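If you're matching positions, the sequence shown starts at 1 in UniProt numbering and goes up one per residue.
Beta carbons: idealized from backbone N, C-alpha and C, even for Gly.
If you're wondering where the values come from, they're calculated on a predicted model, not measured in any experiment.
A short write-up of the structure that comes next.
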Amino acid sequence: MQERVINILLVEDDAVDVMNVKRAFKKVNITNPIYHADNGVEALKMLRGHNSQPPNVPNERRLILLDLNMPKMGGIEFLQELRRDPKLKATAVVVMTTSNQDQDRVEAYNLNVAGYILKPVTFTSFVEIMATLNKYWILCEIP
């Protein structure tokens with residue numbers, strides 16, 4: 001079963017949203033390892049490694065849950081950098097954001113995201129979305 005593990009990198013600057021994702025994972029028994037970065041700069045360091053250190057997030061079977069509105073490097077800028085990197089460009093990304101702007105949605109899909117989810121208002125909705133995402137990535141063949 002170890003080969004089915006998906007390494008999830010949550011790129012999110014809001015501590016409440018980070019807590020909600022982790023609580024929702026626990027509630028629906030998602031046991032995949034979850035790594036956290038506060039912004040795109042930190043996430044890239046975790047994916048690439050830094051100062052001759054190996055990546056914090058294993059190279060195999062990665063999925064990124066990405067917020068768009070963050071300090072230092074926002075989600076769209078992060079996606080652009082991720083897609084330019086030959087070693088990272090195939091990484092699956094699901095945007096999870098409060099932005100309901102058509103421009104953000106179009107830009108994200110143009111950068112090959114696997115999905116675009118609006119953050120729910122209630123914790124119950126958060127749990128439902130995490131359960132649905134879990135079913136989705138179980139069915140997908142993530143390299």
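Rounded to whole angstroms, the Cβ separation of Leu65 and Val94 is 6 Å, and the two are in contact under 8 Å. Contact between Gly49 and Met73 does not hold, since their C-beta atoms are separated by about 17 Å, which reaches or exceeds 8 Å. Counting C-beta pairs closer than 8 Å gives fewer than three between the segment 73–85 and the segment 16–31, which falls short of the contact rule. By the criterion of at least three beta-carbon pairs nearer than 8 Å, the segment 104–113 is not in contact with the segment 19–33.
By the Cβ-count criterion, Ile30 is buried, with 16 or more other Cβ atoms from all chains shown falling within 10 Å of its own Cβ. When the five nearest sequence neighbours on each side are left out, the beta carbons in the same chain lying within less than 7 Å of the beta carbon of Trp137 are those of Ile6, Leu63, in order along the chain. Closest option to Thr98, judged by alpha-carbon separation, among Leu88, Leu133, Ile117, Lys135: Ile117. Rounded to whole angstroms, the Cβ separation of Asp13 and Met70 is 4 Å, and the two are in contact under 8 Å. Met73 sits in coil when the DSSP states are folded into three classes, being neither helix nor strand. If you draw a 10 Å sphere on the C-beta of Leu9, you find 16 or more other C-beta atoms in it, and that means buried. Its Cα nearest to that of Lys87, the residue Leu44 stands out among Leu44, Asp38, Asn134. The alpha-carbon separation between Thr122 and Arg61 amounts to approximately 29 Å. Gln80 and Asn56 have their C-alpha atoms some 21 Å from each other.
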